[in-house]
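Peer 1: Would you mind keeping the following structure in view while I ask a few things?
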């Protein structure tokens, strides 16, 4: 019990402590005077506060939120701190306006971490810091603040690291907008630092910081300045219109400067100095600056300057001074007003200048006293030179550059020596393509210098240069010019055609030059003025002299013979005194003779690499021999003794066409016919073109593809389980097949072996198959033509086959789903009503096929019936009632129509082509029920509702022994003749069907059905022999026999026959009147006409029914 009380007391104490702690953190405290915050909580200003102590608000504990709510802290022009915090964390200062401090800081953090300075306004007279972080103030966020007109707007010093400075404005400060000193890994993004007296953003000895999307414009020095700072990243910043440079690095290395805008600055866009090395400057825009777009000086080495734009600067696009080993690539450097696209100044060596576009400048690329590599640049449309090497710019390499439409394309001047100028294009320049002035020992080779306004290549006072393999065509003055003591140059293998003045021009003591193996084709090939000795040929073995052509085919090489076919004219060509071509080359139009010694045509090799040996001979010497392996590769052969040899390299197995093309020194070529060689290093590949299967063939079962380039034999090893036999397969249409071996019924396994001519052998896997020559058998159990009243299990058949592939049944194009779970194939889904013509098909796995057809009808609908006579509720005065029923079935037709006459009898009705008819038979007077039952061929049954009728035959006198007479009271009133009326009254009227019964009732009421009647007195027969039994019996006894064809359509006949009965002991005689027609209208016509007679006719009367009634026919 005591223990329970103790635990309860402890619990209450803990709850009390938690309540106290909660009240501390949630406290909201108002401040309206100087204040020391020494407890965590929320604090807010309720009034403006004026400085009275050195720290207006001091925070000495963590977990504090201070909201200024827009009130001011006024420093009263004193030195001190508006808000100060030291050695705390997790504090927030927001919405405070601080002003008028003459020293110190408006907001000051020392050793403060994980805190926020947000949306504050900080302004003084340029004497205090706006926001100052120092001494390991880390992981803080400074955002949305305005820090203008302070000493430094925002300052991070003394290892203030990992802070985020974003969205702040730091303008018009007396020193810097944003300052970082000895601070690392800070993020400075989206800030504005304009109009500051020194730098917009300053990093001193600060590394690994990120500056992004900041604006640093119109500052008195640089927009962004890095001093002794490493590994910083500057991205998407704008530093325009600053009084010095946009971005400046001093003694700062390994920084990345990318996608910044540095325009309209008073000095350079980007400036690197004092050993700022290994920086990357890429995708920046540095336009319209007063000095250079990008400027490296004072040993700023190993930097990469790529994909920048530096246009419209007052001096140079990119400038280097005393900076080496930099890479300048793919920059756009255009329209720089007073300088060059790229300028490499003194001692800027080993730089790589490649892929740049330097157009519309004074000079495109300008090198002064430096040694560099200039490759793949475009330097067009510049006012002076495309590429300019000046003042001891030695050991440069200029390759694959374009220098068109300048004054001079490429200019080497003032002791620019030992340079290599290779494969450049310098066309359409206003003066010359390539110009060497006072320059020695340069190599000019493989260049195109065409269409220039004066010279293709000109040397002035330039010695010991090598000019070779250049094209100098269509220049407006000279192709190649040597002037003013240009001595000891070597000019070989050049082409100088179609130049307006001459091909080569020597002037003013240009002596001792070696000029040979060139092609000159100009109206005037050579001018020599005031020159001494030059050498115009070498030895025959080294190529002799020059080609001298003219456009009119009158050149020395074209008009002088070469009788010994050695490739040289038989006469020397004297150009001037001391200038003679002793071995002028003759025009050579013959192609080299080429012979392929190896490989031989149609050769097959068991190795992937083939040695090629070719003989090639030409009087002008062979310049090249090339092998083309069609659609694979080209191989250049080397001269080896008297033959040109080489190797194909490794080729895949295949068939190859090899041609050889030889070219002589004059460009004449000869190509051989191809030789065909086969490479076969692998065993044959065997493919059997069918899987394990069954077959219904005895021959041509095996179908094999062999891939090999030197196939010898293909053998099939056949095993039928008892014997093993090998046969050779023959090739037919690209396949190997068995054309003679006959397979019998049964199972087989086969393996294929293939050998090529090199002894490579390969075999297939065993394939097993079965020969099946027996057709499957279908037995149809469904009765042909049968009718079904239910669609289930209608289709029924069996299949005799052990290897079934597929069994299908189609009614037309519609497949019938099947189920053979019982052993028989049955339709698995009940068939819909309809007529079916089903085709059954079976395929076995060998491709044998059997088909059977069966026709049947599915009829699920009962017939439709109408009882026409008797009508419900009718009273009949005759003992026998005619029955008339309409019955039909849409699919299977009516099978039977049965009349159930109460419990007395059932009568089966017969079809007369339109109706089902019959008679009740003789009935006694009384009330009767009748039901009609109709059945179709499918067994569907329908019946009508019960119909009631009454038989009420009036009493009459019995027949006498001679005749039987009816009372004349039931004779039709339409009969006016007494004679005819008596005849009708004395006679029994007999009918055959319901229609005839209806007509007969027009004679008298009492009638007799012919089925139960025997003539024993006067009788009138109504209707023909088709339905009237009595008429059928007596028809032949009358003069005219009645049929469907006679007397014809709508016609009937009245005939009277006197009959004498001698069968009894008393001879009796009576009259039979026969009224019938070929159709109903004929019968009706005869009967109606009979009622109009005055007396019985002696002979037959033919009557026709017309629209006006019956008339004699």
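Numbering (full-length UniProt numbering), first residue to last: 1 to 1113.
From the three backbone atoms N, C-alpha and C, an ideal C-beta is built for every residue, glycine too.
Can you tell me whether residue 76 is helix, strand or coil according to DSSP?
Peer 2: Stepping through the chain shown from its first residue, residue 76 is reached at position 76. Of the three classes helix, strand and coil, the one that applies to residue 76 here is strand, per DSSP.
Peer 1: Could you tell me whether the region 115-130 touches the region 83-98, using the rule of 3 or more Cβ pairs below 8 Å?
Peer 2: Output reads yes: the region 83-98 touches the region 115-130.
Peer 1: Among 729, 724, 1087 and 90, which one has its Cα closest to the Cα of residue 714?
Peer 2: For the purposes of this step, residue 714 is taken as residue 714 along the chain shown, with counting starting at 1. For residue 714, the nearest C-alpha among the options comes from 729.
Peer 1: Using a Cβ distance threshold of 8 Å, determine whether the region 935-953 contacts the region 864-875, with at least three qualifying pairs required.
Peer 2: Judged by Cβ distances under 8 Å, the region 935-953 makes contact with the region 864-875, as three or more pairs qualify.
Peer 1: Is the CB-CB distance between residue 1053 and residue 1042 below 8 Å?
Peer 2: As a working mapping, residue 1053 is identified with position 1053 in the chain shown. As a working mapping, residue 1042 is identified with position 1042 in the chain shown. In this structure, residue 1042 lies closer than 8 Å to residue 1053 by Cβ.
Peer 1: Just the Cα atoms here: how many angstroms apart are residue 649 and residue 634?
Peer 2: Start at 1 with the first residue of the chain shown, and residue 649 comes out as number 649. Start at 1 with the first residue of the chain shown, and residue 634 comes out as number 634. C-alpha separation (whole angstroms): 10 Å.
Peer 1: If you count every other CB in all the chains shown that lies within 10 Å of the CB of residue 788, and 16 or more means buried, which is it?
Peer 2: Position 788 of the chain shown holds residue 788. Classification for residue 788: buried.
Peer 1: Does the beta-carbon distance from residue 718 to residue 745 come in below 8 Å?
Peer 2: Position 718 of the chain shown, counted from the first residue, corresponds to residue 718. Position 745 of the chain shown, counted from the first residue, corresponds to residue 745. No, the Cβ-Cβ distance between residue 718 and residue 745 is not below 8 Å.
Peer 1: Hey, out of 850, 1028 and 379, whose CA is closest to residue 993's CA?
Peer 2: Taking the first residue of the chain shown as 1, we reach residue 993 at position 993. Cα-wise, what sits closest to residue 993 is 1028.
Peer 1: Where do the N-terminal and C-terminal ends of the alpha helix (DSSP H) with residue 106 fall, by residue?
Peer 2: What you label residue 106 is simply residue 106 of the chain shown in a count that begins at 1. Residue 106 -> not in any alpha helix (DSSP H); beta strand (DSSP E) instead, spanning 97-110.
Peer 1: Please identify the residue among 451, 940 and 334 whose C-alpha is closest to the C-alpha of residue 498.
Peer 2: Position 498 of the chain shown holds residue 498. Out of 451, 940 and 334, 451 has the C-alpha closest to the C-alpha of residue 498.
Peer 1: Which of the three DSSP states, helix, strand or coil, is assigned to residue 1087?
Peer 2: In the chain shown, counting from the first residue as 1, residue 1087 sits at position 1087. Correct three-state label for residue 1087: helix.
Peer 1: Report the CB separation of residue 240 from residue 261 in whole angstroms; it is logged as a contact under 8 Å.
Peer 2: Sequence index remark: in the chain shown, residue 240 carries index 240 (1-based). Sequence index remark: in the chain shown, residue 261 carries index 261 (1-based). That pair is a contact at about 6 Å.
Peer 1: If the criterion is Cβ atoms closer than 8 Å, does the pair residue 1008 and residue 1022 meet it?
Peer 2: Taking the chain shown and counting its residues from 1, the one referred to as residue 1008 is at position 1008. Taking the chain shown and counting its residues from 1, the one referred to as residue 1022 is at position 1022. Taking 8 Å as the Cβ cut-off, residue 1008 and residue 1022 do not qualify as a contacting pair.
Peer 1: Roughly how many angstroms separate the alpha carbons of residue 618 and residue 611, rounded to a whole number?
Peer 2: Numbered from 1 along the chain shown, position 618 holds the residue referred to as residue 618. Numbered from 1 along the chain shown, position 611 holds the residue referred to as residue 611. Taking the straight line joining both Cα atoms gives about 23 Å.
Peer 1: If you check the beta carbons only, do residue 340 and residue 370 fall under 8 Å apart?
Peer 2: Numbered from its first residue, the chain shown carries residue 340 at position 340. Numbered from its first residue, the chain shown carries residue 370 at position 370. No, the pair does not count as a contact, with Cβ atoms beyond the cut-off.
Peer 1: Measuring alpha carbon to alpha carbon, tell me which of 552, 884 and 516 ends up nearest residue 568.
Peer 2: By 1-based counting over the chain shown, the position of residue 568 is 568. Taking only the C-alpha atoms, the option nearest residue 568 is 516.
Peer 1: Taking only three categories from DSSP, how would you classify residue 918?
Peer 2: Numbered from its first residue, the chain shown carries residue 918 at position 918. Strand.
Peer 1: Label residue 518 either buried or exposed according to how many other C-beta atoms from any shown protein chain fall within 10 Å of its C-beta, with 16 as the threshold for buried.
Peer 2: Within the chain shown, residue 518 is the residue found at index 518, counting from 1. The residue is buried, with at least 16 neighbouring Cβ atoms inside 10 Å.
Peer 1: DSSP three-state call for residue 286: helix, strand or coil?
Peer 2: Taking the first residue of the chain shown as position 1, residue 286 is located at position 286. DSSP places residue 286 in coil when its eight states are reduced to three.
Peer 1: Go ahead and label residue 724 buried or exposed: buried means 16 or more other beta carbons lie within 10 angstroms of its beta carbon, across all protein chains shown.
Peer 2: Here residue 724 is taken as the residue at index 724 of the chain shown, counted from 1. Exposed, since its Cβ has fewer than 16 Cβ neighbours within 10 Å.
Peer 1: For residue 356, does the count of other Cβ atoms within 10 angstroms reach 16, so buried, or fall short, so exposed?
Peer 2: For the purposes of this step, residue 356 is taken as the residue at position 356 of the chain shown. Residue 356 is buried by the Cβ-count criterion.
Peer 1: Is the beta carbon of residue 389 closer than 8 Å to that of residue 411?
Peer 2: Start at 1 with the first residue of the chain shown, and residue 411 comes out as number 411. Start at 1 with the first residue of the chain shown, and residue 389 comes out as number 389. Yes, Cβ-Cβ distance for residue 411 and residue 389 is below 8 Å.
Peer 1: Which class does residue 997 belong to by DSSP, given the choice of helix, strand or coil?
Peer 2: Locating residue 997 in the chain shown gives position 997, counting from the first residue. The answer is helix: DSSP assigns residue 997 an H, G or I state.
Peer 1: Out of 108, 660, 831 and 980, which has the shortest C-alpha to C-alpha gap to residue 59?
Peer 2: Here residue 59 corresponds to residue number 59 of the chain shown, with the count starting at 1. Considering only alpha carbons, the answer is 108.
Peer 1: Are the beta-carbon atoms of residue 439 and residue 423 separated by less than 8 Å?
Peer 2: Within the chain shown, residue 439 is the residue found at index 439, counting from 1. Within the chain shown, residue 423 is the residue found at index 423, counting from 1. Going by C-beta atoms, residue 439 is not nearer than 8 Å to residue 423.
Peer 1: Thinking C-beta only, is residue 320 closer than 8 Å to residue 296?
Peer 2: The residue given as residue 296 occupies position 296 in the chain shown. The residue given as residue 320 occupies position 320 in the chain shown. Going by C-beta atoms, residue 296 is nearer than 8 Å to residue 320.
Peer 1: What separation, rounded to the nearest whole angstrom, lies between the Cα atoms of residue 280 and residue 177?
Peer 2: In the chain shown, the residue the question calls residue 280 occupies position 280. In the chain shown, the residue the question calls residue 177 occupies position 177. Roughly 25 Å separates the two Cα atoms.
Peer 1: Look up residue 1034 in the DSSP assignment and say whether it is helix, strand or coil.
Peer 2: Residue 1034 sits at position 1034 when you count from the first residue of the chain shown. Residue state, collapsed to three classes: helix.
Peer 1: How many Å lie between residue 575 and residue 336 at the Cα?
Peer 2: Here residue 575 refers to the residue found at position 575 when the chain shown is read from its first residue. Here residue 336 refers to the residue found at position 336 when the chain shown is read from its first residue. If I take the Cα positions, the gap works out to 48 Å.
Peer 1: Specify the secondary structure class of residue 956 as computed by DSSP and reduced to three states.
Peer 2: One-based indexing of the chain shown puts residue 956 at position 956. Low local confidence applies: a pLDDT of 39 at residue 956 is under 50, so the model's placement there is unreliable, and no value is given.
Peer 1: Could you give the distance in angstroms between the alpha-carbon of residue 220 and the alpha-carbon of residue 198?
Peer 2: In the chain shown, counting from the first residue as 1, residue 220 sits at position 220. In the chain shown, counting from the first residue as 1, residue 198 sits at position 198. Rounded to the nearest angstrom, the two C-alpha atoms are 5 Å apart.
Peer 1: Taking the continuous alpha helix (DSSP H) assigned at residue 983, which residues delimit it?
Peer 2: Translated into the one-based positions of the chain shown, residue 983 becomes position 983. Unbroken alpha helix (DSSP H) run through residue 983: 978-986.
Peer 1: Would you mind listing the beta strand (DSSP E) stretches within the region 821-883 that are 3+ residues and don't spill past its ends, in chain order?
Peer 2: Counting only runs of 3 or more, we get 825-827, 834-844, 849-858, 864-869 and 874-876.
Peer 1: How would you label residue 171, buried or exposed, when you count the other beta carbons within 10 angstroms and need 16 or more for buried?
Peer 2: Reading the chain shown from its first residue, position 171 is the one you call residue 171. Answer is buried; the Cβ neighbour count reaches 16.
Peer 1: So for residue 780, helix, strand or coil by DSSP?
Peer 2: The sequence position of residue 780 within the chain shown is 780, counting from 1. Correct three-state label for residue 780: strand.
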